[in-house]
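Please read the structure below before turning to the comments.
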Amino acid sequence: SFTRAASDRAKQLLLPMLFWWTFMETVKLAALWRATSITSGLLGFLDDFAGTYWFIWATFVSYLLIKISSRLRLDQRSWVISGVAILVALAPLTFSISPLIRFTYPFFCFGFLLAQSRERWTSTWRRHKPLLVLFLSIVTCVCFLAWGKDTYVYNNLGVIHDLRSAKDVLLMFVGSAAASAIVIELLLQCWSLGHSNRMARFIAVELGQTTLLLYLVQG
4 SFTRAASDRA
14 KQLLLPMLFW
24 WTFMETVKLA
34 ALWRATSITS
44 GLLGFLDDFA
54 GTYWFIWATF
64 VSYLLIKISS
74 RLRLDQRSWV
84 ISGVAILVAL
94 APLTFSISPL
104 IRFTYPFFCF
114 GFLLAQSRER
124 WTSTWRRHKP
134 LLVLFLSIVT
144 CVCFLAWGKD
154 TYVYNNLGVI
164 HDLRSAKDVL
174 LMFVGSAAAS
184 AIVIELLLQC
194 WSLGHSNRMA
204 RFIAVELGQT
214 TLLLYLVQG
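Per the numbering used here, the sequence shown runs over residues 4 to 222.
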């Protein structure tokens, strides 16, 4: 059920985050309690809880939205998920970490749709791989050259209010998608060459399962 799935994902994502946040804030409070007022301390705690670990919140919210959409019939699902992704990406919400969630959600949807039709996408990629890699590499380079401080979601908040902001938001999504595709292909090539190596398998499999912990620590 939806409730069970949401509860399981909350235990997987939010509980580790809550534990680590409590631990770090306790250490911070013990070290700085004399130099921090109660009001500023509470505001700092809330800011750390939402902002420092925004990727966890973005992943959880994206999962819930996808789970709701996936309850539809299979023939409607792809269109609804794609439409909702576009609406969420363009929604003029700028408070707290909502721009970061809006930036994450379209990529989450894209990954979900790819997983639903993996065989078809894999077949298409293999048939046209050289052309697709060349095209995506060119797009990545062009976007990199055009990239500026206003292209980051932290600065533009993903909001379109004129032609220049539309260019920044479009560049942000297109450049991120193209660069991500190239990096994924590079990682797949590295894995195909090194998967027989014991150390490579350890890094990819064992450490790959603890990426949430690594993210929390670096946050």
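Just so it is clear, CB atoms sit at the ideal spot from N, CA and C, and this is done for glycine as well.
Around the CB of SER195, fewer than 16 other CB atoms lie within 10 Å, so the residue is classed as exposed.
Contact between the region 142-161 and the region 98-109 is established, with three or more Cβ pairs separated by less than 8 Å. Across the structure, LEU116 and PHE5 are spaced so that their CA atoms are roughly 19 Å apart.
Residue burial annotation: PRO133 is exposed, with fewer than 16 other C-beta atoms found within 10 angstroms of its C-beta. By the Cβ-count criterion, THR154 is buried, with 16 or more other Cβ atoms from all chains shown falling within 10 Å of its own Cβ. In this structure the region 134-150 does not touch the region 83-96; the number of beta carbon pairs closer than 8 Å is below three. Nearest Cα to THR143 within the set GLY114, PRO95, ALA182: ALA182. For ILE163, the CB contacts under 6 Å within the same chain, skipping 5 residues up- and downstream, are ALA169, VAL172 in chain order. Between the alpha carbons of LEU18 and MET27 lies a gap of roughly 14 Å.
If you draw a 10 Å sphere on the C-beta of VAL186, you find fewer than 16 other C-beta atoms in it, and that means exposed. Secondary structure remark: continuous alpha helix (DSSP H) runs of at least 4 residues inside the region 155-195, in chain order: 156-159. For LEU67, the enclosing alpha helix (DSSP H) covers residues 57-72.
Around the Cβ of THR127, a 10 Å sphere holds fewer than 16 other Cβ atoms; the residue is exposed.
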